[in-house]
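S.K.: Top line first, the protein sequences correspond to chains A and B.
Converting from the first sequence to this note's numbering requires adding 8 to each position, the first position being numbered 1.
Converting from the second sequence to this note's numbering requires adding 11 to each position, the first position being numbered 1.
Here a beta-carbon is modelled for each residue, glycine too, at the ideal position from N, C-alpha and C.
The model shown is predicted, which means the values in this text are computed figures rather than measured ones.
What follows is a single structure, and I will ask about it in a moment.
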Amino acid sequence: MTERAYKVYSISSGTVIDHIPTPLALRVVEILGLGNEGILTIGMGFTSKRLPEGKDIVKIENKVLTRDETDMIALIAPEATINIIEGGKVIEKRRISLPDGIRGVMRCPNPNCATNVLGAQRVFGLASPEGPLYRCRYCERTTKVEPDLLITSAGI
Amino acid sequence: MGFAGRSIISLHDMTAADLEVIMDTSGRIKAGRETGFLQGRTIAVMFFEASTRTRLSFESAIQRSGGTVIGFANPASSSQSKGESFADTISTVTGYCDAMVIRHPVEGSARLASDIASVPVINAGDGANQHPTQTFLDLFTMKESFGRLEGLHIGMLGDLKYGRTVHSLATAMAMFGARMTFISPHTLQMPDMIKRELSQAGVSFREVRQPEEAGDDLDVLYVTRIQRERFGDPQEYESVAHSFRVTADTIRGLGGRVLVMHPLPRVDEIAEDVDRLPNAIYFRQAHNGIPTRQALLGLVTGGLS
Numbered sequence: 009m010t011e012r013a014y015k016v017y018s019i020s021s022g023t024v025i026d027h028i029p030t031p032l033a034l035r036v037v038e039i040l041g042l043g044n045e046g047i048l049t050i051g052m053g054f055t056s057k058r059l060p061e062g063k064d065i066v067k068i069e070n071k072v073l074t075r076d077e078t079d080m081i082a083l084i085a086p087e088a089t090i091n092i093i094e095g096g097k098v099i100e101k102r103r104i105s106l107p108d109g110i111r112g113v114m115r116c117p118n119p120n121c122a123t124n125v126l127g128a129q130r131v132f133g134l135a136s137p138e139g140p141l142y143r144c145r146y147c148e149r150t151t152k153v154e155p156d157l158l159i160t161s162a163g164i
Numbered sequence: 012m013g014f015a016g017r018s019i020i021s022l023h024d025m026t027a028a029d030l031e032v033i034m035d036t037s038g039r040i041k042a043g044r045e046t047g048f049l050q051g052r053t054i055a056v057m058f059f060e061a062s063t064r065t066r067l068s069f070e071s072a073i074q075r076s077g078g079t080v081i082g083f084a085n086p087a088s089s090s091q092s093k094g095e096s097f098a099d100t101i102s103t104v105t106g107y108c109d110a111m112v113i114r115h116p117v118e119g120s121a122r123l124a125s126d127i128a129s130v131p132v133i134n135a136g137d138g139a140n141q142h143p144t145q146t147f148l149d150l151f152t153m154k155e156s157f158g159r160l161e162g163l164h165i166g167m168l169g170d171l172k173y174g175r176t177v178h179s180l181a182t183a184m185a186m187f188g189a190r191m192t193f194i195s196p197h198t199l200q201m202p203d204m205i206k207r208e209l210s211q212a213g214v215s216f217r218e219v220r221q222p223e224e225a226g227d228d229l230d231v232l233y234v235t236r237i238q239r240e241r242f243g244d245p246q247e248y249e250s251v252a253h254s255f256r257v258t259a260d261t262i263r264g265l266g267g268r269v270l271v272m273h274p275l276p277r278v279d280e281i282a283e284d285v286d287r288l289p290n291a292i293y294f295r296q297a298h299n300g301i302p303t304r305q306a307l308l309g310l311v312t313g314g315l316s
């Protein structure tokens, strides 16, 4: 069997998110609210020394994500690595860390919380990096970040 | 951070210094050194769920300080019964008053109200979450009794899982370096979330099943009711209801000098023979709700500084 010339197209400028544990690439795209911003390449299920279960890659052409945006990825994929590309070269290798606060991307699992009953904005503050745990600004309960609690760009 | 214009929503927003200011001000009011400081001010007391004693305590505090009360005692008499949103009710009433006192069954409702209102909001209980003025009066009562909070050994007995009173009290006492012993049936233990907070703050605590195991150096035994309404499963309630009862013998077993507190109402968790002992301070504790709430309203409206 011949080796493919490339697995995912390289990009000349934009953001590459690598080492996303399989199959979380689509979740990452949803959390970042990406959709109508040009070419987005998603590769899933690559072999990886660092991630024995496999890794996904997301490449966003012509868009440099801010640090606040890339830190959101740490909510579900803290192992992910970020490369910022310009002129075909990596100009920044970025580490991600858990955001101190998150707004609008996670729902509170407490059914009696003002965010679920009275229409309060969904706002959380980091309570503990172990988990990680976030505290709801309204009902004050701490919640472990689970993919099911994350709100997708489609608003699901 | 000063108090004028500030909303009082949660113990998590407060420092030990804030709590000291509230206790000192409450003491001055109780001693008759501050009067009439709500003169000309209107306070909206909005109870979206019924609670007789907290509402009466706030209304009494406002009137004793010279203020005027407006509001409602249950949601049936508010425009919410006509379908108005909570946000619209708050947006409207904020223009009618100098401060709002809110009780609402939804957790986080008071925080949401403070986001919307242009006047200070005082949380008088938001579901199972916070009831900060109960904690202020608890702290004031302990300080009044011992002259200090630092280093006290507090036993908390009863429903430690669902009881918001003990959660807030634990958070507050942690700021003053108190020792804590949590006494409850296994199924009603203090939640991990609170224990984690205490551990992070370096507070020493232990957990036991019965009051007799708390040792003989307790300064305060804080008893709470097992609240039937917090249990989804009636069988779970029946399995723990009546699992403890504090009697005069219990007090003697704890060394005889422990002060007994309770946020009230009680059902049968404290026997009436305890009422006659000098250890029982729960009615004085309830009465302290007046100067404490007076202090808070005076501070947030700028009537006191």
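Along the chain, where does the beta strand (DSSP E) containing Phe83 (chain B) start, and where does it finish?
M.R.: It spans Thr79 to Phe83 - the beta strand (DSSP E) in which Phe83 (chain B) sits, taken as one unbroken run.
S.K.: Taking only runs that begin and end inside the segment 48–126 of chain B, name each unbroken alpha helix (DSSP H) of 4 or more residues, in chain order.
M.R.: Entirely contained in the segment 48–126 of chain B, the alpha helix (DSSP H) runs reaching 4 residues are, in chain order, 63–75 and 97–104.
S.K.: Between the segment 125–141 of chain A and chain B, which residues of the former have a C-beta closer than 8 Å to a C-beta of the latter?
M.R.: From the segment 125–141 of chain A, only Val125, Leu126, Gly127, Ala128 and Ser136 have a Cβ closer than 8 Å to chain B.
S.K.: From Glu141 (chain A) to Lys152 (chain A), what does the alpha carbon distance come to, in whole angstroms?
M.R.: Sequence inspection shows Leu at residue 141 (chain A); the Glu mentioned does not correspond to that position. For Leu141 (chain A) and Lys152 (chain A), the distance between alpha carbons rounds to 5 Å.
S.K.: If the cut is a Cβ gap below 8 Å, which residues of chain B does Glu148 (chain A) touch?
M.R.: Here the neighbours are Ser21, His23, Glu118, Gly119, Asn140 and Gln141.
S.K.: Over the uninterrupted alpha helix (DSSP H) stretch that includes Met34 (chain B), give me the two end residues.
M.R.: Segment Ala27 to Lys41, the alpha helix (DSSP H) holding Met34 (chain B).
S.K.: Under 7 Å Cβ-Cβ, which residues of chain A neighbour Phe97 (chain B)?
M.R.: The answer, in chain order, is Leu126.
S.K.: Counting only the same chain and skipping the five closest in sequence on each side, list residues whose C-beta sits under 6 Å from that of Gln145 (chain B).
M.R.: Thr176 and Pro274.
S.K.: To the nearest angstrom, report how far apart Gly321 (chain B) and Arg295 (chain B) are at their CA atoms.
M.R.: Examination of residue 321 (chain B) is not possible in this model, given that chain B is present from 12 through 316 alone.
S.K.: So, do the segment 120–130 of chain B and the segment 85–105 of chain B have three or more beta carbon pairs nearer to each other than 8 Å?
M.R.: Judged by Cβ distances under 8 Å, the segment 120–130 of chain B makes contact with the segment 85–105 of chain B, as three or more pairs qualify.
S.K.: Any beta carbon of chain A sitting closer than 8 Å to that of Arg122 (chain B)?
M.R.: Yes, because at least one Cβ of chain A sits closer than 8 Å to the Cβ of Arg122 (chain B).
S.K.: What would DSSP say about Phe157 (chain B), mapped onto helix, strand or coil?
M.R.: Helix, per DSSP.
S.K.: CB Ala87 (chain B) to CB Ile113 (chain B), shorter than 8 Å?
M.R.: Going by C-beta atoms, Ala87 (chain B) is not nearer than 8 Å to Ile113 (chain B).
S.K.: Which residue from B:Ala110, B:Gly119 and B:Leu229 puts its Cα closest to that of Ile165 (chain B)?
M.R.: For the residues B:Ala110, B:Gly119 and B:Leu229, the minimum Cα distance to Ile165 (chain B) belongs to B:Leu229.
S.K.: Any idea if His142 (chain B) is buried or exposed, counting beta-carbon neighbours within 10 angstroms, 16 or more meaning buried?
M.R.: Buried: at least 16 other Cβ atoms inside 10 Å.
S.K.: Residues of chain B with CB closer than 9 Å to the CB of Arg111 (chain A), please, in chain order.
M.R.: Those within 9 Å of Arg111 (chain A) in chain B number zero; the least Cβ separation is about 13 Å.
S.K.: Could you give the distance in angstroms between the alpha-carbon of Ile90 (chain A) and the alpha-carbon of Leu157 (chain A)?
M.R.: For Ile90 (chain A) and Leu157 (chain A), the distance between alpha carbons rounds to 24 Å.
S.K.: Beta carbon of Glu61 (chain A), beta carbon of Pro29 (chain A): below 8 Å?
M.R.: Yes.
S.K.: Establish whether the CB of Met186 (chain B) and some CB of chain A are separated by less than 8 Å.
M.R.: No, Met186 (chain B) lies away from the interface with chain A (no Cβ there is under 8 Å from its Cβ).
S.K.: So, is the C-beta of Met57 (chain B) closer than 8 Å to a C-beta in chain A?
M.R.: It does not; no Cβ of chain A falls within 8 Å.
S.K.: For the segment 72–101 of chain A, which residues have a beta carbon sitting closer than 9 Å to at least one beta carbon of chain B?
M.R.: Under the 9 Å Cβ criterion, the segment 72–101 of chain A contributes no residue.
S.K.: Please report the Cβ distance between Asn85 (chain B) and Glu148 (chain A), rounded to the nearest whole angstrom; I am assuming they are in contact, meaning their Cβ atoms lie under 8 Å.
M.R.: Their Cβ separation, rounded to whole angstroms, is 25 Å, which puts Asn85 (chain B) and Glu148 (chain A) out of contact at 8 Å.
S.K.: Residues of the segment 29–60 of chain B in Cβ contact with chain A at a cutoff of 9 Å, in chain order, please.
M.R.: Answer in chain order: no residues at all.
S.K.: Taking only the alpha-carbon atoms, compute the straight-line gap between His197 (chain B) and Val251 (chain B) and give it to the nearest angstrom.
M.R.: His197 (chain B) and Val251 (chain B): Cα-Cα distance of roughly 9 Å.
S.K.: Arg28 (chain B): buried (16+ other C-beta within 10 angstroms of its C-beta) or exposed?
M.R.: Reading the sequence as shown, one finds Ala at residue 28 (chain B) and not Arg. Ala28 (chain B) is exposed by the Cβ-count criterion.
S.K.: Go through its chain and collect everything with a Cβ distance to Val113 (chain A)'s Cβ below 7 Å, but skip five positions before and after it.
M.R.: Within the same chain, Val113 (chain A) has close Cβ partners Ile39, Met80, Leu158 and Ile159.
S.K.: Leaving aside the five residues before and after Arg145 (chain A) along the sequence, list all residues of the same chain whose C-beta is less than 7 Å from its C-beta, in chain order.
M.R.: For Arg145 (chain A), where only same-chain residues beyond five positions count, the Cβ hits under 7 Å are Val131, Phe132 and Gly133.
S.K.: Based on the DSSP secondary-structure assignment, which residues constitute the bridge partners of Tyr142 (chain A)?
M.R.: Paired residues: A:Leu134 and A:Thr151.
S.K.: Taking only three categories from DSSP, how would you classify Met201 (chain B)?
M.R.: Correct three-state label for Met201 (chain B): coil.
S.K.: Taking a Cβ distance cut-off of 8 Å, strictly less, list which residues of the segment 178–210 of chain B are near chain A, in chain order.
M.R.: Correct list: Met204 and Arg207.
S.K.: Can you tell me whether Phe193 (chain B) is helix, strand or coil according to DSSP?
M.R.: DSSP places Phe193 (chain B) in strand when its eight states are reduced to three.
S.K.: I'd like to know whether the C-beta atoms of Asn290 (chain B) and Val311 (chain B) end up nearer to each other than 8 Å.
M.R.: No; because the gap between Cβ atoms is not below 8 Å, this pair is not in contact.
S.K.: Mind listing the chain B neighbours of Thr1 (chain A)? Cutoff is C-beta to C-beta under 9 Å, in chain order.
M.R.: Within the shown structure, residues of chain A are numbered from 9 to 164, placing residue 1 (chain A) beyond reach of any answer.
S.K.: With which residues is Ile93 (chain A) paired in a DSSP beta bridge?
M.R.: Ile93 (chain A) pairs with A:Gly22 and A:Val98.
S.K.: Is Phe151 (chain B) helix, strand or coil when you go by DSSP?
M.R.: Reduced to three states, the DSSP call for Phe151 (chain B) is helix.
S.K.: What number of angstroms, rounded off, separates the C-alpha of Ile164 (chain A) from the C-alpha of Arg35 (chain A)?
M.R.: Note on Ile164 (chain A): pLDDT 34, under 50, position unreliable in the model; no value is reported.
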